[in-house]
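In our numbering, the protein residues as written are 218 to 372.
Please read the structure below before turning to the comments.
So, in structure tokens, the structure goes:
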């Protein structure tokens, strides 16, 4: 599903937006690898291992999920300054959605190694990053994100 026939069920409820050109964005940019994907390329698929999160420098992507009926649903569109892939990376879970480039894209690929280096070099900055991501994940959970499990067995 691409731009010519796309509808979004709940736009922008699952997204983290970074201030493009802001201190946090630029710090992440200085540590991350820049990668490119052409329009219509799949960046990752639902069920893939989570090895990185991505921050969009340029372009736009579609976030899709296979629902309980086996149908593909478009969850959102992610654009410049927004990120995706945080959930799987931070929770150590497989990808909960498929991401495909809607336009040619330039992305910052942020791996666990990048996060660990930033934690060492810039702990104050990373505290802000993790607080932002935690708040976003909490908001997603409350909205019933596809990855959210609302009850957990303890013990």
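Where a beta carbon is used, it is the ideal one built from N, C-alpha and C, also for glycine.
Per-residue burial, residue i [other beta carbons within 10 Å of its own, 16 or more giving buried]
i, result
"residue 303", "buried"
"residue 299", "buried"
"residue 353", "buried"
"residue 247", "exposed"
"residue 418", "Residue 418 lies beyond the range of the chain shown here (218 to 372); nothing can be said about it."
"residue 340", "exposed"
"residue 239", "exposed"
"residue 305", "buried"
CB of residue i within 8 Å of CB of residue j, strictly
i, j, result
"residue 280", "residue 316", "yes"
"residue 301", "residue 347", "no"
"residue 292", "residue 314", "yes"
"residue 307", "residue 254", "no"
"residue 326", "residue 256", "no"
"residue 265", "residue 312", "yes"
Simplified DSSP state of residue i, which is helix, strand or coil
i, result
"residue 353", "helix"
"residue 312", "coil"
"residue 250", "strand"
"residue 285", "coil"
"residue 256", "coil"
"residue 291", "strand"
"residue 326", "strand"
"residue 303", "helix"
"residue 245", "helix"
"residue 263", "coil"
"residue 297", "coil"
Integer-rounded CB distance, given that residue j should sit under 8 Å from residue i
i, j, result
"residue 335", "residue 343", "5 Å"
"residue 294", "residue 319", "7 Å"
"residue 310", "residue 262", "Incorrect: roughly 14 Å between the Cβ atoms, too far for contact."
"residue 345", "residue 259", "In fact, because the Cβ distance is near 31 Å, the residues do not count as touching under 8 Å."
Proximity test, Cβ basis, 8 Å: residue i and chain D
i, result
"residue 304", "The structure shown has no chain D; it contains just one protein chain."
Q.
For the region 323-337 against the region 284-292, do three or more pairs of beta-carbon atoms, one drawn from each stretch, fall closer than 8 Å, so that the two count as touching?
A. no
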